[in-house]
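Below: one structure, written as structure tokens.
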Amino acid sequence: MCAARTIDLVTEARLNAERYPHLGTGPVSTQPFISEEFLKLECEHIFAKMWLMVGRTDQVPNKGDYFTKAVECLNKRVIIARGKDGEVRAFHNVCRHRGTHVAEGAGNCKYFTCRFHGWVYDTNGDIKQIPDESQFHNLDKSTLNLRQVHCSIWKGFIFINFAEQPRESLTEQLAETGEKLADFPFESMRVAGRWGATLKANWKLFQDAFQEGYHVQTVHAGTIGKYYTGQRNPNCRPYHLDLYERNRGLSFSFNPEFEPHPSELFAIRTGQSLSQGSEGLKQEVPGINPDADPYYSFDINGIFPNWLLDTSIGFFFIHEFWPLDAITTRWEAQLYFVPPQSASQLMSQAQSIALLRDAFREDIATSEGSQAGMLSGTLDTIDFADTEITCRHQYYAVMKMIEEALAPHA
Amino acid sequence: MRVLTNQLPEGFEDLLPFVPQWVFSTERERNAFRVQQPMRDLKAFYDATLPRLDDIATHLDRYPLDAMPRAAANLLELALMSMEVAPAIEYYNSPDVPNSVEFEKFEILSAPLRYQVVD
Numbered sequence: 340m341c342a343a344r345t346i347d348l349v350t351e352a353r354l355n356a357e358r359y360p361h362l363g364t365g366p367v368s369t370q371p372f373i374s375e376e377f378l379k380l381e382c383e384h385i386f387a388k389m390w391l392m393v394g395r396t397d398q399v400p401n402k403g404d405y406f407t408k409a410v411e412c413l414n415k416r417v418i419i420a421r422g423k424d425g426e427v428r429a430f431h432n433v434c435r436h437r438g439t440h441v442a443e444g445a446g447n448c449k450y451f452t453c454r455f456h457g458w459v460y461d462t463n464g465d466i467k468q469i470p471d472e473s474q475f476h477n478l479d480k481s482t483l484n485l486r487q488v489h490c491s492i493w494k495g496f497i498f499i500n501f502a503e504q505p506r507e508s509l510t511e512q513l514a515e516t517g518e519k520l521a522d523f524p525f526e527s528m529r530v531a532g533r534w535g536a537t538l539k540a541n542w543k544l545f546q547d548a549f550q551e552g553y554h555v556q557t558v559h560a561g562t563i564g565k566y567y568t569g570q571r572n573p574n575c576r577p578y579h580l581d582l583y584e585r586n587r588g589l590s591f592s593f594n595p596e597f598e599p600h601p602s603e604l605f606a607i608r609t610g611q612s613l614s615q616g617s618e619g620l621k622q623e624v625p626g627i628n629p630d631a632d633p634y635y636s637f638d639i640n641g642i643f644p645n646w647l648l649d650t651s652i653g654f655f656f657i658h659e660f661w662p663l664d665a666i667t668t669r670w671e672a673q674l675y676f677v678p679p680q681s682a683s684q685l686m687s688q689a690q691s692i693a694l695l696r697d698a699f700r701e702d703i704a705t706s707e708g709s710q711a712g713m714l715s716g717t718l719d720t721i722d723f724a725d726t727e728i729t730c731r732h733q734y735y736a737v738m739k740m741i742e743e744a745l746a747p748h749a
Numbered sequence: 509m510r511v512l513t514n515q516l517p518e519g520f521e522d523l524l525p526f527v528p529q530w531v532f533s534t535e536r537e538r539n540a541f542r543v544q545q546p547m548r549d550l551k552a553f554y555d556a557t558l559p560r561l562d563d564i565a566t567h568l569d570r571y572p573l574d575a576m577p578r579a580a581a582n583l584l585e586l587a588l589m590s591m592e593v594a595p596a597i598e599y600y601n602s603p604d605v606p607n608s609v610e611f612e613k614f615e616i617l618s619a620p621l622r623y624q625v626v627d
């Protein structure tokens, strides 16, 4: 693990490349952002092997609660259910008779019933009833439970893994990031805002829009740009950055010269605002603000392959990026707050919800444009600045996993 | 099914012109309404509600979130609309965010309401 170190926010030195020379500094090919063949490799060697975050246990608080999720790039449909025994499991949403799905959407039930011929499974996935069972030949009912998918939970986040035998445990996959956030109070927070979009953009390109600060002074000129940029940090560089094997963490500070608007001042008086910085929020929160920057705003934790977990004081938000094909991605984001105890706290949170959502509207506006440019064939390669090393790191981690999978075994 | 009434708690008669047109229970409805209003109407609403937020907060905090009387819930939803409108006035002077992904492509998904109305 690399030692933490403060980054000079206006230096001309390219400090990140010095720390992580293995990532290189040269241009990267646009092919992995446009090629269907490359996406096939990513699906086979990354998405089919890694733990994938699909939801939170607070979506299934009670026995019999369930939700469904599609992982389109692998042609998978899953059910996440809290069984009648209280345990959270994942199942292929595939009836053992002729393959029809047995659950839709989300809800609470005692049984999953296939709408084709009425096969019935309980919420533990066990087969309970087969109509007109005598007409089947040599049916061994004990082998006909819903097929399980590996499922593991970290800090209330539910992960699934489609490998027959996962190459590593969830704890091993989360590695340094899991240790860093081991005591962050995720459990105390509940969803306050949820947003989504399906856009014509490669999943990596889409994700990159959310894991560097270089875009902030232009893309967010209309919203939160001035909150993050100023004399101290004109280009919204992260003040702290750690790149691990595949995961990464980076931390951003706010502009100390920023003057909150009237609605933000109200939100600060009655609760907190996303755009207030850490002043007045001096709680000790474990796992954030690695250099104890007095102007701390929030951290981005990039968890390979397709998940960003952004933590702060009193809230966190997450981004999921699911490839549908090489140039189409389903993005979903959720903002979590400590649940309001009063109407005034609820009013306070509404200010952050509206502002963050509108900033996300700006963030995702650039993705389809980038994608169209890459598809035009005008650029064979693109360049990442030293301050965009997180994007380079994601690219590197993807390439390395695929190269290792394709390398002839010694 | 939610039935809108034009009630507000006593002392907030100045905000009655915005009820029920500016009262919605979800973020999706509030945002869809905001982006369709002309700036002068958004500004009038902002100017009328922003200076009243502290009074609204003081009044509403007398009720538990899981048992808000109808008139108080109307007032709360007006205040939530005020926060929805605020960035359009304070940041970008436009009903919708300029230079952002098309409104139609962006989905505001449902999140649980954190209050309940008792009639």
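For the record, the sequence lines run as chains A and B. All the letters of the first sequence, read from the start, carry residue numbers 340 to 749 under our numbering. All the letters of the second sequence, read from the start, carry residue numbers 509 to 627 under our numbering. Even for Gly, the Cβ is constructed at its ideal location relative to N, Cα and C.
Exercise for review: Put Gln468 (chain A) into one of helix, strand or coil per three-state DSSP.
Suggested key: strand
Practice item. Closer than 8 Å by beta-carbon distance: list the chain A residues that pair up with Leu523 (chain B), in chain order. Key: Ordered by position in chain A, no residue passes the 8 Å Cβ test against Leu523 (chain B), which lies about 14 Å from the chain.
Review point. How about Phe833 (chain A): is its C-beta nearer than 7 Å to some C-beta of chain B?
Key: This structure cannot settle anything about residue 833 (chain A), because the visible part of chain A is limited to 340 through 749.
**Study point:** Coarse secondary structure for Lys551 (chain B), derived from DSSP in three states
**Key:** helix
Check your understanding: Any Cβ of chain E within less than 7 Å of the Cβ of Glu596 (chain A)?
Key -> Given the protein chain composition of this structure (A and B), no chain E is represented.
Check your understanding: Is Leu694 (chain A) helix, strand or coil by DSSP?
Key -> helix
**Study point:** With 16 other Cβ atoms within 10 Å as the buried cut-off, status of Met547 (chain B)
**Key:** exposed
Exercise for review: Taking the CB atoms as reference points, tell me whether Glu598 (chain B) and His600 (chain A) lie closer together than 7 Å.
Suggested key: yes
Review point. Quick one: complete alpha helix (DSSP H) runs, 4+ long, within the region 510 to 587 of chain A?
Key: 542 to 547, 555 to 558, 564 to 567
Review point. With a CB to CB cut of under 7 Å and the five nearest residues on each side skipped, what residues in its chain are close to Gln370 (chain A)?
Key: Phe377
Review point. Helix, strand or coil: which one does DSSP assign to His748 (chain A)?
Key: coil
Check your understanding: Quick one: is Asp697 (chain A) near chain B, going by C-beta distance under 7 Å?
Key -> yes
Exercise for review: Can you say whether Val527 (chain B) is buried or exposed, counting buried as having 16 or more other CB atoms within 10 angstroms of its CB?
Suggested key: buried
Check your understanding: Under 7 Å between C-beta atoms, does Phe614 (chain B) make it to chain A?
Key -> yes
Review point. By a C-beta neighbour count over all protein chains shown, 10 Å radius and 16 as the cutoff for buried, is Gly422 (chain A) buried or exposed?
Key: buried
Check your understanding: Which of helix, strand or coil does DSSP assign to Gln515 (chain B)?
Key -> coil
Check your understanding: Does His748 (chain A) come within less than 7 Å of chain B when only Cβ atoms are used?
Key -> no
Check your understanding: Nearest CA to the CA of Gln690 (chain A): which residue from A:Asp479, A:Pro629, A:Gln611, A:Ser651?
Key -> A:Gln611
Practice item. Can you grab the Cα-Cα spacing for the pair Arg344 (chain A) / Phe498 (chain A), in whole Å? Key: Low per-residue confidence applies at Arg344 (chain A): pLDDT is 47, beneath 50, and the placement is therefore not dependable, though the value from the model is reported in the following sentence. If I take the Cα positions, the gap works out to 31 Å.
Exercise for review: Just the chain B side, please: which residues come within less than 7 Å of Leu538 (chain A) by C-beta, in chain order?
Suggested key: Lys613
Exercise for review: Report the partner residues of Ser592 (chain A) according to the DSSP bridge assignment.
Suggested key: A:Tyr635
Exercise for review: With DSSP collapsed to three states, give me the class of Val837 (chain A).
Suggested key: Any property of residue 837 (chain A) remains undetermined from this structure, which presents chain A solely from 340 to 749.
Practice item. Pick out the complete alpha helix (DSSP H) segments inside the region 341 to 392 of chain A, 4 residues or longer, and give them in chain order. Key: 354 to 358, 370 to 373, 375 to 381
Point to revise | is_contact[Met509 (chain B), chain A] using C-beta, thresh 7 Å | key: Confidence in Met509 (chain B) is poor, its pLDDT being 41 and thus under 50, which makes the residue's placement too unreliable to answer from.
**Study point:** Local conformation of Met509 (chain B) per DSSP, three classes
**Key:** For Met509 (chain B), the predicted model reports a pLDDT of 41, less than 50, meaning its position is unreliable and no value from the coordinates is stated.
Review point. Val609 (chain B) touches chain A at which residues, Cβ-Cβ below 7 Å?
Key: Ala536, Arg700, Ile703, Ala704
**Study point:** Residue environment, Arg437 (chain A), which counts as buried when at least 16 other CB atoms sit within 10 Å
**Key:** exposed
Check your understanding: Does DSSP put Ala420 (chain A) in a helix, a strand or coil?
Key -> strand
Check your understanding: Do we get a CB-CB distance below 7 Å when we pair Gln690 (chain A) with the residues of chain B?
Key -> yes
Practice item. Measuring only between beta-carbons, confirm whether Ala587 (chain B) sits less than 7 Å from chain A. Key: yes
Review point. Are the beta-carbon atoms of Glu603 (chain A) and Ser614 (chain A) separated by less than 7 Å?
Key: yes
Check your understanding: Taking any Cβ of chain B, which residues in the region 556 to 584 of chain A have a Cβ under 7 Å from it, in chain order?
Key -> Gly561, Thr562
Review point. Can you name the start and end residues of the beta strand (DSSP E) that His658 (chain A) belongs to?
Key: 654 to 664
Exercise for review: Could you check what DSSP says for Thr726 (chain A) in three-state terms: helix, strand or coil?
Suggested key: helix
Exercise for review: Tell me whether Gly610 (chain A) sits in a helix, a strand or coil according to DSSP, three-state version.
Suggested key: coil
**Study point:** 7 Å Cβ cutoff met for Pro595 (chain A) and Tyr634 (chain A)
**Key:** yes
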